[in-house]
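In our numbering, the protein residues as written are 18 to 360. Glycine is no exception: its CB is placed at the ideal position from the N, C-alpha and C atoms.
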Amino acid sequence: MDERKWQDLIQLTKKQRVIGLISDAIQTLPKERQPPKAIRIKLLLLTEKIEEANLSLNKKLIKISEEYNRKEFKFALLKGQGNAVFYPNPLHRTSGDIDLYLYRKDDYERAKKWIRNRNFSYDLESIHHIGFVYESAHIENHRYVTYFTKKKYDRLLACAINRIIENDAFEWIRIENTPIRVLPVEFNAFYIYLHLFHHFISNGIGFRQVCDWLLILSENDSRIDKKRFTELAEQFDLLKAMQTTAYACIKYLGTKPEIFPFELKQDTKYTDLLITDILEGGHFGYHRNGMEKKRSLWAGRWFRYTVAVKRAFKFGFIAPSHIFLVPLSKAITRLKLTLKRKE
18 MDERKWQDLI QLTKKQRVIG LISDAIQTLP KERQPPKAIR IKLLLLTEKI EEANLSLNKK
78 LIKISEEYNR KEFKFALLKG QGNAVFYPNP LHRTSGDIDL YLYRKDDYER AKKWIRNRNF
138 SYDLESIHHI GFVYESAHIE NHRYVTYFTK KKYDRLLACA INRIIENDAF EWIRIENTPI
198 RVLPVEFNAF YIYLHLFHHF ISNGIGFRQV CDWLLILSEN DSRIDKKRFT ELAEQFDLLK
258 AMQTTAYACI KYLGTKPEIF PFELKQDTKY TDLLITDILE GGHFGYHRNG MEKKRSLWAG
318 RWFRYTVAVK RAFKFGFIAP SHIFLVPLSK AITRLKLTLK RKE
């Protein structure tokens with residue numbers, strides 16, 4: 018490729034938040050296929066920034082973990098730095114927030130009170146979690162690991178999570194040699210898809226979210242029971258959506274079919290629509306036309322709502338019991354959150 022195409026590739030990987038993964042892959046190319054020196058230097062500098070950001074975030078994760086342990090706030094790390102451990106180089110995953118699930122009764126409210134008493138800058142970002150700034154890092158405390166547009170799925174999720182809590186089935190990873198509690202890997206692989214799916218139906222996703230799911234599957238294929246995983250996907254009416262995502266990864270990313278813990282179906286029109294949507298929208302859909310335009314608070318909320326409505330009609334048949342209810346669910350949630358802030 019000529020230098021201009023390499024520059025275009027770098028811009029695409031930045032938009033998709035996978036610059037570290039692509040940089041690592043480029044280094045494995047034969048010498049004659051390597052990019053020009055200027056491109057290699059640029060990739061090196063960009064990757065170093067990602068490493069520095071991860072090292073900084075890891076330190077803050079360890080520090081907040083120590084604070085929570087002293088306060089006896091029991092938590093499990095969700096996604097984020099917990100996903101990074103499945104990357105070839107964990108420091109090369111583009112980092113984001115720190116998401117903590119406070120799973121024990123009353124700990125979420127106790128932690129909320131602690132945040133207020135410490136005068137941290139915070140925001141009730143949803144009726145299910147609170148976000149605050151801790152030493153420049155954005156941290157989200159979650160009351161639930163996630164939530165759905167239908168109570169049926171919330172009940173199913175609560176049962177699955179309660180079994181994990183009651184059996185103390187959490188797993189542990191090490192970050193900078195510090196043990197951090199995470200979800201058990203089989204359920205975590207399902208949860209990572211839930212996170213991806215929820216963002217997809219609202220605004221969109223980028224390849225970083227897709228890679229998070231692919232890497233937890235590929236690195237743990239021997240630990241994920243295919244029958245149990247398929248049953249879980251069917252219970253939540255998400256098997257078709259997973260199959261569509263998987264087929265898109267096989268068709269366009271060259272993913273090995275055997276990493277997926279469920280049967281694969283034939284290609285559909287949604288395979289191409291999904292990849293086109295990812296390429297156009299980038300990371301969480303932020304690069305879609307109109308998303309970056311500055312608006313007033315309520316104008317911005319209205320714009321995002323209309324995006325969600327349009328996406329419901331466009332992608333609804335991938336998972337109709339989830340997607341077609343999104344517009345109504347978002348309107349109700351916004352009303353609840355507005356009223357809660359007035360309390």
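Query - In chain order, each beta strand (DSSP E) run of at least 3 residues that lies wholly inside the stretch 51-123 - result: 92-95 and 115-119
Query raised in the report: How about F277 and A263: are their beta carbons less than 7 Å apart?
Result: yes
Query raised in the report: When the distance is taken between beta carbons, is R121 closer than 7 Å to K91?
Result: yes
Report task. Please state whether DSSP places N158 in a helix, a strand or coil. Result -> strand
**Report entry** Contact under 7 Å by Cβ, A70 with I115
**Finding:** no
Requested in this report: Consider the C-beta atom of G221 and the heavy atoms of the ligand FMN; say whether any pair is separated by less than 6 Å.
Outcome: In the structure on display, the ligand FMN does not appear, and there are no ligands present to speak of.
**Report entry** For T285, three-class secondary structure by DSSP
**Finding:** coil
Requested in this report: Look at the Cβ atom of W189, then the Cβ atom of L213, and state whether they are nearer than 7 Å.
Outcome: no
**Report entry** Residue environment, N86, which counts as buried when at least 16 other CB atoms sit within 10 Å
**Finding:** exposed
Requested in this report: Would you check if the distance between the CB atom of R433 and the CB atom of F187 is smaller than 7 Å?
Outcome: Outside the shown range of the chain, which is 18 to 360, sits residue 433, and nothing can be said about it.
Query - Straight-line Cα distance separating N134 from L296 - result: 43 Å
Report task. Check V150 in the structure and name its three-state DSSP category. Result -> strand
Query - From I182, I335, I27 and K22, residue whose alpha carbon lies closest to that of D289 - result: I335
Query raised in the report: DSSP beta-bridge partners for I192?
Result: T195
**Report entry** Host alpha helix (DSSP H) of E248 (start-end)
**Finding:** K243 to Q252
**Report entry** Proximal residues to H300 (C-beta, below 7 Å), its chain only, five neighbours per side dropped
**Finding:** K32, Q33, R34, G223 and R225
**Report entry** For Y139, three-class secondary structure by DSSP
**Finding:** strand
Query - Residues near F253 by beta carbon distance below 7 Å, same chain, minus five either side - result: Y170 and L173
Query raised in the report: Helix, strand or coil for D25 per DSSP?
Result: helix
**Report entry** N- and C-terminal bounds of the alpha helix (DSSP H) containing I340
**Finding:** P337 to I340
Requested in this report: Output the boundary residues of the alpha helix (DSSP H) element that contains I181.
Outcome: K168 to E183
Query raised in the report: I222 lies in the alpha helix (DSSP H); which residues open and close that run?
Result: Counting along the chain, I222 falls outside any alpha helix (DSSP H), and DSSP gives it neither H nor E.
Query raised in the report: For I192, which option in I79, I67 and V202 has the closest C-alpha, if you only look at C-alpha atoms?
Result: I79
Query raised in the report: If you run the structure through DSSP and keep just helix, strand and coil, what is G299?
Result: coil
Query - Whole-angstrom distance between G302 and Y151, CA atom to CA atom - result: 26 Å
Query raised in the report: With C-beta atoms as the reference, is A325 less than 7 Å away from I340?
Result: no
Query raised in the report: Of all the options K66, R110, L117 and L234, which has the alpha carbon lying nearest to the alpha carbon of E84?
Result: L117
**Report entry** Y139 vs I132 beta-carbon contact at 7 Å
**Finding:** yes
Requested in this report: Can you grab the Cα-Cα spacing for the pair I56 / L38, in whole Å?
Outcome: 15 Å
Report task. Go ahead and label I209 buried or exposed: buried means 16 or more other beta carbons lie within 10 angstroms of its beta carbon, across all protein chains shown. Result -> buried
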